[in-house]
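With the first letter of the sequence shown counted as 1, position 36 gets the number 989 in my numbering; the numbers rise by one all the way through.
Ideal placement from N, C-alpha and C gives every residue a C-beta, glycine not left out.
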Amino acid sequence: MKVLFITDIHWGYSDKGNQRWIKYAKELKAKHPDAIIILGGDNGSNDVRHEIKCLSKMREIFSDNPIYYLMGNHSYWNASGRSEIFVENSKTYTLDGAQKIHQAIYDCAKLLNIKYLPESPIIDHESKFIITGVSGWYESTQFYTNDCNHINNWSESDEWLRKNCYEEFQKTIPLHETYRSKGYKTVLASHFHFHGDIFDWKTSNGSWFGANRSYAQFMTYTDENWFGHTHRSFNKVLDKVHYINTGTDYAKPSHLESFT
Ligand SMILES: [Fe+2]
Ligand SMILES: [Fe+2]
954 MKVLFITDIH
964 WGYSDKGNQR
974 WIKYAKELKA
984 KHPDAIIILG
994 GDNGSNDVRH
1004 EIKCLSKMRE
1014 IFSDNPIYYL
1024 MGNHSYWNAS
1034 GRSEIFVENS
1044 KTYTLDGAQK
1054 IHQAIYDCAK
1064 LLNIKYLPES
1074 PIIDHESKFI
1084 ITGVSGWYES
1094 TQFYTNDCNH
1104 INNWSESDEW
1114 LRKNCYEEFQ
1124 KTIPLHETYR
1134 SKGYKTVLAS
1144 HFHFHGDIFD
1154 WKTSNGSWFG
1164 ANRSYAQFMT
1174 YTDENWFGHT
1184 HRSFNKVLDK
1194 VHYINTGTDY
1204 AKPSHLESFT
């Protein structure tokens, strides 16, 4: 099975970037992947409509392929902090708070037949691997990240996001444990990474741009973590987990090579 990972599309960042992604995705389609995983989080630029547009565009291009996705910082930032009504496929959503934004994206993806990886892991019995997914959020909520400017009802959103991320992450542990004992390769797909040694992203006030670093210690049964978000290329084994990111930057498409 050939799986293609795509990261940090940032649809809507610029017209040029959008066009680059369309061209690039078409080239990737010609490589005949069996499944596509969009390491979400930064699918859209500054609006939920960008996120949905991104997913629908990928669905249009990879018309015959199973597509999976997960969410991250831009998903929850987008269009939040404003009293905005979003209408997609005849449904109306109020986007006041991260949980509602999450639901809106989730529903729209479902209508596009794009699967939410945290609840639909890929298990290939032939090649013997499992890919689970987890949506993520920042470990830190310091003002520097501007999170509180982007999320309405930040304190509530923060609590829900942390809880959701934690629960999704916890669900991957017994799955990885079970399948590794059967000799499967175990892969965690995420927008954020979980290891503090990937980049020192501390700012002058101590803020951290990565996910909850304490989760890394629970990745005992995980062989690989394919992630996005950093916009920097990374490929390194830390504490026996292989961390991989292509380093896709704004409007500059790249992808992670597949494995079989
Ligand atoms: Fe990004
Ligand atoms: Fe991100």
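Option in the options with minimal Cα separation from residue i
i, options, result
"His-1146", "Met-1011, Glu-1092, Gly-1050 and Trp-1113", "Glu-1092"
"Ile-1067", "Asn-1117, Pro-1019 and Ala-1169", "Pro-1019"
"Met-954", "Asp-987, Ser-998 and Arg-973", "Asp-987"
"Ile-1054", "His-1182, Trp-1030 and Gly-1163", "Trp-1030"
"Thr-1125", "Ser-1080, Ala-1164, Trp-1113 and Pro-1071", "Pro-1071"
"Gly-1050", "Arg-1012, Lys-984, Trp-1113 and Arg-973", "Trp-1113"
Simplified DSSP assignment, three categories, for residue i
i, result
"Ile-1151", "coil"
"Glu-1092", "coil"
"Ser-1143", "strand"
"Phe-1122", "helix"
"Asp-995", "coil"
Span separating the alpha-carbon of residue i from that of residue j
i, j, result
"Ser-967", "Tyr-1069", "26 Å"
"Glu-980", "Ser-1143", "24 Å"
"Tyr-1168", "Gly-1086", "14 Å"
"Thr-1045", "Asp-1000", "15 Å"
"Asp-995", "Lys-1135", "34 Å"
"Ile-1063", "Arg-1166", "In the sequence as presented, Ile is not what sits at residue 1063; that position holds Lys. If I take the Cα positions, the gap works out to 30 Å."
"Thr-1139", "Ile-1076", "9 Å"
"Gln-1095", "Arg-1002", "In this predicted model, Gln-1095 has a pLDDT of only 49, less than 50, meaning its place in the structure is not dependable enough to derive any value."
"Ala-978", "His-1148", "29 Å"
"Tyr-1022", "Lys-1006", "14 Å"
Contact set for residue i: own chain, Cβ-Cβ below 7 Å, skip 5 residues either direction
i, result
"His-1184", "Asp-961, Gly-1200, Thr-1201 and Asp-1202"
CB-CB length for residue i against residue j, believed under 8 Å
i, j, result
"Gly-993", "Ser-1016", "Rounded, the Cβ-Cβ distance is 20 Å, inconsistent with contact."
"Leu-1065", "Leu-1008", "6 Å"
"Ser-1130", "Tyr-1059", "Just to set this straight, residue 1130 is Glu in the shown sequence, not Ser. In fact, because the Cβ distance is near 27 Å, the residues do not count as touching under 8 Å."
Contacts around residue i, its chain only, beta-carbon distance under 8 Å, and the 5 residues preceding and following it disregarded
i, result
"Ile-1197", "Glu-1177, Asn-1178, Trp-1179, Phe-1180, Phe-1187, Asn-1188 and Leu-1209"
"Ile-1083", "Pro-1074, Ile-1075, Ile-1076, Asp-1077, Leu-1128, His-1129, Tyr-1132, Tyr-1137, Lys-1138, Thr-1139 and Val-1140"
Own chain partners of residue i with C-beta closer than 6 Å, once the 5 adjacent residues on each side are dropped
i, result
"Ser-1207", "Thr-1199 and Thr-1201"
"Ile-959", "Ile-991 and His-1208"
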